[in-house]
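A quick write-up on the structure given underneath.
Residue numbers (my numbering): 67 to 365.
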């Protein structure tokens, strides 16, 4: 008798018995068993090989994980970047809205209390190549000694260089809105009073919105928040940017993403540790988004 046929007659019955005991199908088709972990399977993969002139089937078990669909990937926001503040080369020159009734420097003059240089930065309206960073990276930025409540024209070169190293960087951060008390109401932002940068306008259209962004929902506002400001020139192009809308987002605990320009506002040093975590702000806000229904949507 042919020796190959003899081996086949002896081996095949044993193979059938083993396959029956393992409850696995015979053949090259993969048989699968579910393993721990969502979408993971143990797969039995077989192939025919020739050993010493004899055709044999060799099998092995491998773990295969199912690919996640685009829908499942969109159910959570992307993780934040590392806590390192981005650096760029030449900072973009601020651009302004020539149709806005209040000039870029506001009502500040060389002899007034207003700060011309600060006001011009607050009133910019330009888009930028916004670099992702974190609230913690902004909280870690230094505050030079002797710059608080002093017009920038009176800073010395060392102080100016320390601020300009970071100021004017286009950034985007993620976090959660803090609820603040306005009268008897808890709201997602606050309409500020009359300011030099807004020509001390009394109407609502000339008021900034102060918004406090936290790294986590229950973080302490006095030590962990970064103030971001919606300014009148930019807000005039976004009618849905209202205190009511911000309050709905804050009360819903939705994650938000804010894009704008890093600014050092030396007029608010006394608030650090009480109602804000740093003098550094994202000011002005150029783009505001909320994470809702599994995706980022502009407000």
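Where a beta carbon is used, it is the ideal one built from N, C-alpha and C, also for glycine. None of these values were measured; they are calculated from a predicted model.
Through-space distance from residue j to residue i, alpha-carbon basis
| i | j | result |
| --- | --- | --- |
| residue 177 | residue 212 | 21 Å |
| residue 96 | residue 111 | Confidence is the limiting factor: at residue 96 the pLDDT is only 42, short of 50, which leaves the residue's position unreliable, though a coordinate-based value still follows. If I take the Cα positions, the gap works out to 5 Å. |
| residue 175 | residue 264 | 13 Å |
| residue 299 | residue 189 | 7 Å |
| residue 254 | residue 276 | 9 Å |
| residue 363 | residue 355 | 5 Å |
| residue 229 | residue 358 | 36 Å |
| residue 52 | residue 332 | Lying outside 67 to 365, the shown extent of the chain, residue 52 is not represented and no answer is given. |
| residue 353 | residue 210 | 29 Å |
| residue 278 | residue 223 | 31 Å |
| residue 236 | residue 351 | 10 Å |
| residue 195 | residue 218 | 26 Å |
| residue 220 | residue 349 | 22 Å |
| residue 180 | residue 173 | 7 Å |
Proximity below 9 Å, CB of residue i to CB of residue j
| i | j | result |
| --- | --- | --- |
| residue 379 | residue 239 | The chain is shown only over 67 to 365; residue 379 falls outside these bounds and no answer can be derived. |
| residue 346 | residue 330 | yes |
| residue 160 | residue 259 | no |
| residue 147 | residue 226 | no |
| residue 328 | residue 204 | yes |
| residue 302 | residue 365 | no |
| residue 292 | residue 241 | yes |
| residue 309 | residue 257 | yes |
| residue 283 | residue 326 | no |
Nearest-angstrom Cβ-Cβ length linking residue i and residue j, presumed shorter than 8 Å
| i | j | result |
| --- | --- | --- |
| residue 244 | residue 280 | 5 Å |
| residue 170 | residue 186 | 5 Å |
Buried or exposed (CB count within 10 angstroms, at least 16 for buried), residue i
| i | result |
| --- | --- |
| residue 289 | exposed |
| residue 127 | exposed |
| residue 261 | buried |
| residue 305 | exposed |
| residue 316 | buried |
| residue 313 | buried |
The ligand NAP heavy atom lying under 8 Å from the CB of residue i
| i | result |
| --- | --- |
| residue 166 | Annotation note on the ligand NAP: not contained in the displayed structure, which lists no ligands. |
Secondary structure, alpha helix (DSSP H): runs of 4+ residues fully inside the region 264 to 347: With a minimum length of 4 residues, the continuous alpha helix (DSSP H) runs that stay inside the region 264 to 347 are 287 to 290, 298 to 301, 309 to 318.
3-residue-minimum beta strand (DSSP E) runs that sit fully inside the region 228 to 252, ordered along the chain: Within the region 228 to 252, the complete beta strand (DSSP E) runs of at least 3 residues are 236 to 243, 246 to 248.
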